[in-house]
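In what follows, a single structure is set out as structure tokens and then discussed.
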Amino acid sequence: MDPSTQIRLSFLFLLLSVLIVELRAATPPPTTRKPSTTPHAAGSITFKSPLARQFMVPETLPGLDFPIQQSYAGRMNISVNPRQAAQMFFWLIPADDARGSKDLTVWANGDACSGLVGAFQANGPITMNPGRVKPTKNPYSWTRSSHMLYLDIPLNVGFSHGRVAQRSSEDIAGFVFNFLTSFLKVFPEMNGLNLYMAGHAYSGTYISYAADQIYAQQSQLALKLQGILLVNAFISTPDLQQHVPIASYVARNNDAFKFDAAQLKKLQETDRACGFSEYLVKNLNYPPRGPFTDITKALDPAHPTEFREQCLIYMQMYEGTSPDMNLWNIHDKPGMSDPNYTKFIYPGRADVQKAFNVVGSPRWASCGDIGQVFPNGDASPPATLKVLPNVIQRSKRVVIAHGVLDATLLTNGVKLAIQSMKWGGKQGFQQPINSNFVVAGKPSGRYHTERGLTFVEVTQSGSVIPHDHGQAGFEIFEYLLGHRPTP
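So the sequence shown is residues 2 to 488, counted in this note's numbering.
Dropping the structure here:
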């Protein structure tokens, strides 16, 4: 297994360790134009601060044959302690035009991966995908509707670095708040804008905690937080989001997993012995029958806060899966995808680092080591148990979107997480998720909204919806911003 693959897959093992320890549309012509010496932003916003100049990025990035709007990138100090060095990397891409000039959206990638992964392979104006001869313009860039701010979080991921302890998602939320405070000093023209936050995979937890902190300190930040979007996000516990639903998921999708009869039988025997499908049937109801209890059949009598080793069913699935299979999108063909981002080396180029104002950075890696982010596990409780209910209550809209083809965090798992959570005076959704999600006239999933929370299930997508189904991702984003009455 190559090192980058091992790093990204360690995210899955982190979730397991949390469970064991805690159990809880046309291309413009080529241009060689250099950026002007006056900060500007393609008509959607103008930056007058001299401080903004040091973060300017060439409109035509190295290796591209088309420009984008003037953007800004680099590192900003986020430490409030002068004896602790900490800098967060950002890439600000202003909105394409005035339509998006009132909104600023923060994007964070999950699995300890750089925000640049999302910028170049999900929802930014430039698409760089494995198998393509050259970069292309993204017709579903989120800059069509908002200023986009891509962050490398946590620290020591991508181009961010620091010698500051990161023990919990609450710590990371504090870093994000400090960054936004510093950011507005350089770009004061953004004071008063509507703020949205979006995160993928484990950053669903970071973003939930960051939003909660911003609401708690809203008077100290000149941005008006309106809501968040969580994409195939980790918001609960591995028991709900991985172990409980995995056996039934493999059975339904064995055309992709290709387990033989013996493997399927063993997986189903483990499932029955540990009570996982029984738990799923008991608890995935609308409305819920009551507060969720422990999965008692799976617990180790000698260590009642841990699962028995033979009940680590998600690990059993992983060990039985072909190494060529992309668990982040089970319908990807072997060799046609890059789920671990090993081929995304563009930010490692010296000329690109110069363009992004990070000359002299350590060797580039798309994803950091999740084990080094939280060596002892994330000390923060799951978002559903602490901060997410408050964020829903205080937001105009909170959206949880989930691609069905993701086997790392399962659709029924996030539904269980929602049904276990109490917000707005009730537990879970009271009605089933039955409204049709239609994209370009085609059935693309289902959605449901109650008490400020919307869940969208996208059938033809894996973990990264803006990458796998760009139009669906864009329309969900438009809904978050209030540009559409329904997803």
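We treat Cβ as the ideally placed atom computed from N, Cα and C, and that holds for glycine. No experiment lies behind these values; they were computed from the predicted model shown.
Please report the residue range of the beta strand (DSSP E) in which residue i lies.
i, result
"V415", "Per DSSP, V415 belongs to no beta strand (DSSP E); it is in the alpha helix (DSSP H), 412 to 421."
"A74", "72 to 78"
"V232", "225 to 232"
"G474", "Here G474 belongs to no beta strand (DSSP E); instead the alpha helix (DSSP H) covers 471 to 482."
"E60", "Careful: E60 lies outside any beta strand (DSSP E) and carries neither H nor E."
"T106", "104 to 109"
"S445", "443 to 451"
"N437", "436 to 440"
"R398", "398 to 404"
"V251", "Note, V251: premise wrong, no beta strand (DSSP E); alpha helix (DSSP H) at 245 to 253."
"T455", "454 to 459"
"A87", "87 to 94"
"H148", "148 to 152"
Return the CA-CA distance between residue i and residue j, expressed in angstroms with no decimal places.
i, j, result
"N110", "I154", "8 Å"
"D112", "G159", "12 Å"
"V399", "W424", "12 Å"
"G471", "P302", "47 Å"
"S367", "A120", "12 Å"
"M89", "P68", "25 Å"
"F430", "A402", "15 Å"
"Y73", "I466", "26 Å"
"M191", "G369", "30 Å"
"D325", "L224", "44 Å"
"S249", "R290", "21 Å"
"T144", "L117", "15 Å"
"L152", "K266", "44 Å"
"T32", "D66", "No answer about T32 holds up, because its pLDDT of 34 lies below 50 and its placement is not dependable."
"Q219", "G463", "34 Å"
"L105", "I434", "30 Å"
"N124", "P305", "43 Å"
"V251", "Q269", "10 Å"
"T47", "K427", "45 Å"
"A384", "V360", "36 Å"
"F260", "N413", "21 Å"
"L482", "S147", "9 Å"
"Y347", "V353", "7 Å"
"P288", "P189", "46 Å"
"Y141", "E476", "9 Å"
"G442", "C114", "34 Å"
"Y216", "A174", "12 Å"
"M77", "A86", "11 Å"
"V494", "N179", "Limits of the chain in this structure are 2 at one end and 488 at the other, which puts residue 494 out of reach."
"T38", "R84", "Residue confidence for T38 is low, a pLDDT of 38 falling below 50, so the modelled location carries little weight; the figure read from the coordinates is stated next. If you take the alpha carbons of T38 and R84, they lie about 34 Å apart."
"G276", "I296", "7 Å"
Shortest alpha-carbon distance to residue i belongs to which of the options?
i, options, result
"P363", "T206, H162, H332, L386", "H162"
"Q221", "K186, G361, T61", "K186"
"R350", "W365, Q85, N341, P68", "W365"
"I94", "I127, S278, Q431", "I127"
"A257", "S170, L386, P335, D240", "P335"
"N183", "T343, G453, G75", "It is worth fixing the name first, because residue 183 is Ser in this sequence and not Asn. Answer by Cα proximity: G75."
"Q167", "A384, Y480, G372", "G372"
"T271", "L313, P288, L328", "L313"
"V245", "I173, L328, R133, R273", "R273"
"L386", "L417, Q55, L150", "L417"
"V177", "V107, K135, A263, Q55", "V107"
"A199", "T487, R485, E479", "E479"
"E458", "L406, N286, R54", "L406"
"N284", "S80, I419, Q85", "I419"
"I492", "R452, P136, P59", "Because residue 492 is not part of the residues shown, which for the chain are 2 to 488, the question remains open."
"Y342", "L411, H468, P376", "H468"
"F308", "V374, L241, L150", "L241"
"T61", "Q55, Q71, L281, A53", "Q71"
"A262", "L156, K397, G321, P444", "G321"
With residue i and residue j assumed to form a contact (beta carbons below 8 Å), what rounded beta-carbon distance in angstroms separates them?
i, j, result
"A356", "P63", "6 Å"
"G446", "F456", "With 8 Å as the limit, G446 and F456 do not qualify as a contact, their Cβ atoms being about 10 Å apart."
"N254", "I331", "6 Å"
"I236", "T206", "6 Å"
"N233", "G404", "6 Å"
"S170", "D379", "6 Å"
"Y197", "I247", "Not quite, the Cβ-Cβ distance comes to about 32 Å (not below 8 Å), so this is no contact."
"P382", "M422", "Not really, about 12 Å apart at Cβ, beyond 8 Å."
Got a sec, what are the start and stop residues for the alpha helix (DSSP H) residue i sits in?
i, result
"V165", "It is not in any alpha helix (DSSP H) - V165 carries neither H nor E in the DSSP assignment."
"I314", "314 to 321"
"T182", "170 to 187"
"A53", "51 to 54"
"A551", "Since the first residue of the chain shown is 2 and the last is 488, residue 551 is not available in this structure."
Given the structure, does residue i come close to the ligand COA, in the sense that its CB is under 7 Å from one of the ligand's heavy atoms?
i, result
"K344", "Questions concerning the ligand COA fall outside what the structure shown contains, since it holds no ligand whatsoever."
Review point. Mind pulling the beta strand (DSSP E) runs of 3 or more residues that sit fully within the stretch 271 to 311?
Key: DSSP assignment within the stretch 271 to 311 yields the following whole beta strand (DSSP E) runs of 3 residues or more, N-terminal first: 304 to 308.
Point to revise | beta strand (DSSP E) runs wholly inside the stretch 191 to 225, at least 3 long, in chain order | key: As far as the stretch 191 to 225 is concerned, its whole beta strand (DSSP E) runs of at least 3 residues are 195 to 201.
Practice item. Please go through the stretch 355 to 395 and give each complete alpha helix (DSSP H) segment of 4 or more residues, from N-terminal end onward. Key: Those alpha helix (DSSP H) runs which fall completely within the stretch 355 to 395 and span 4+ residues are 371 to 374, 389 to 395.
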